[in-house]
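Undergrad: To start, I am sharing the structure in question, which I have written as structure tokens.
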Amino acid sequence: MKDYYQILGVTKDASTEDIKRAFHKLAHKHHPHKGGDENKFKEINEAYQVLSNKEKRAQYDTFGSNGDFNWNWGNSPSGPNIEFDLGDLSEMFEDFFGFGRKGRKRNLKKGRDIKIDIEIPLEACLKSITKEITLYEQVACSRCQGTGAEPGSSLNECFSCRGTGEVQQIKRTFLGSFTRWSVCPECKGEGQRPEKPCNVCKGEGRVKGKEDIKIFIPAGIDSNQVIKVAGKGEAGKRGGESGDLYVRILIKKHLLFHRQGDDLFISIPISFSQAVLGDEIEAPALEGTKILLKVASGTESGKILRVSGKGIPRFSGFGRGNLYVELIVKTPKHLTKEQKMLLKKLQEEGL
């Protein structure tokens with residue numbers, strides 16, 4: 001048998017007000033939308049529905065909660081059949097306990113954010129650049145300056161919501177009537193309506209247009225990094241805040257260099273004689289210059305030389321990564337008669 005008095009933490013002689021206060025305190029604590037236990041919340045509601053009703057409380061005090069009498073809820077003759085709609089209860093408690101949307105003005109005017117991709121060559125990562133693009137988007141109406149009102153007229157407070165952007169709705173539940181708040185259908189949540197809508201934008205405060213935007217791309221940026229340009233998304237409705245522009249950077253694949261983080265990698269072929277005897281060779285740098293490298297005698301294919309500070313500038317702004325040069329020894333495939341004779345002599349010498 002469930003002890004409803006114990007569940008609510010009150011004595012059997014508790015007044016209706018005592019029961020109500022105990023219920024409010026426990027329901028607030030165990031509400032699922034506030035991280036509480038759903039089963040406990042149901043149990044608290046069950047206890048309150050019985051003890052807050054004089055007839056049900058009298059039946060409970062006489063028969064208990066074992067189902068020996070007819071609860072008579074929903075005209076069910078089969079005994080207790082208590083169901084709870086937590087969705088309705090959630091809405092009710094949001095307004096009842098004050099952690100819902102009541103009185104909070106909506107911001108439905110903000111423009112939509114825009115996301116685009118920009119592709120740049122690997123060489124462009126060596127220094128900061130500014131790239132100009134053209135976006136075709138919703139821009140502020142030049143006739144009404146984004147207000148949505150015809151020049152000479154004004155924006156008036158919405159008569160339905162009194163400028164809040166929300167209207168009240170009364171909902172009746174088993175615990176009484178509760179107020180909910182919804183978007184005002186007259187002003188669409190904006191709180192204002194133009195006295196006379198703009199002839200160009202029809203009261204929207206924005207029209208389809210284009211805008212030239214300069215985007216600063218810092219040195220050292222890598223693929224899939226995103227640059228945020230605040231306020232360069234679509235214009236908001238009737239002078240509302242503009243959205244933001246998010247630019248994802250994509251780096252084109254290079255024919256020679258391969259990038260890993262701030263480091264660059266390149267493969268350079270050398271001849272058999274250079275690998276054996278040693279030599280000085282030139283390797284390209286990403287900025288278009290040449291780097292002089294020393295190949296030690298007896299170098300094997302796959303040897304990697306490191307050139308400090310010839311990689312990509314670090315995104316932090318301090319220093320550059322390294323350039324790693326892999327030496328690939330070429331095996332000759334087409335030899336002249338003289339070359340073959342020389343190689344045979346070397347072979348005879350044990351080389």
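Counting in the numbering used here, the sequence shown runs from 1 upward without gaps. Where a beta carbon is used, it is the ideal one built from N, C-alpha and C, also for glycine. All of these numbers come straight from a predicted model, not from anything done at the bench.
#1: Among the residues of its own chain, which have a CB less than 6 Å from the CB of CYS201, if the five just before and after it don't count?
#2: Write down the C-beta distance between LEU327 and LEU305 rounded to the nearest angstrom, noting that I regard them as a contact closer than 8 Å.
#3: Less than 7 Å between C-beta atoms, sequence neighbours within five positions excluded: which residues of the same chain meet that for SER271?
#4: Thinking C-beta only, is LEU335 closer than 8 Å to GLU123?
#5: DSSP has ASP263 in a bridge; who is on the other side?
#6: Please name the residue in PHE315, GLY209, GLY233 and ILE118 whose C-alpha comes closest to that of LEU250.
#7: Counting only the same chain and skipping the five closest in sequence on each side, list residues whose C-beta sits under 7 Å from that of ASP113.
#8: Determine, using beta carbons only, whether LYS109 and ALA149 come nearer to each other than 8 Å.
#9: Out of LEU51, ASN39, ILE268 and LYS115, which has the shortest C-alpha to C-alpha gap to VAL229?
#10: Between the beta-carbon of CYS187 and the beta-carbon of CYS158, is there less than 8 Å?
#11: Between which two residues does the alpha helix (DSSP H) carrying ASN39 extend?
#12: Which partner residues of ALA149 appear in the DSSP bridge assignment?
#13: Are the stretch 204 to 220 and the stretch 152 to 168 touching by the rule of at least three beta carbon pairs closer than 8 Å?
#14: Within 10 angstroms of its Cβ, does HIS258 collect 16 or more other Cβ (buried), or is it exposed?
#15: Would you list the one or two residues that DSSP bridges to LYS182?
#16: Quick one: Cα of ILE268 to Cα of VAL325, how far?
#17: Per the DSSP calculation, VAL226 is bridged to which residue(s)?
TA: Looking at the coordinates:
#1: CYS141 and VAL207
#2: 7 Å
#3: LYS330
#4: no
#5: GLN260
#6: ILE118
#7: GLY233, GLY243, ASP244 and TYR246
#8: no
#9: LYS115
#10: yes
#11: 38 to 51
#12: PRO197
#13: no
#14: exposed
#15: First, the residue type needs correcting, since residue 182 is Ser and not Lys in the sequence shown. SER182 pairs with VAL167.
#16: 7 Å
#17: ARG248
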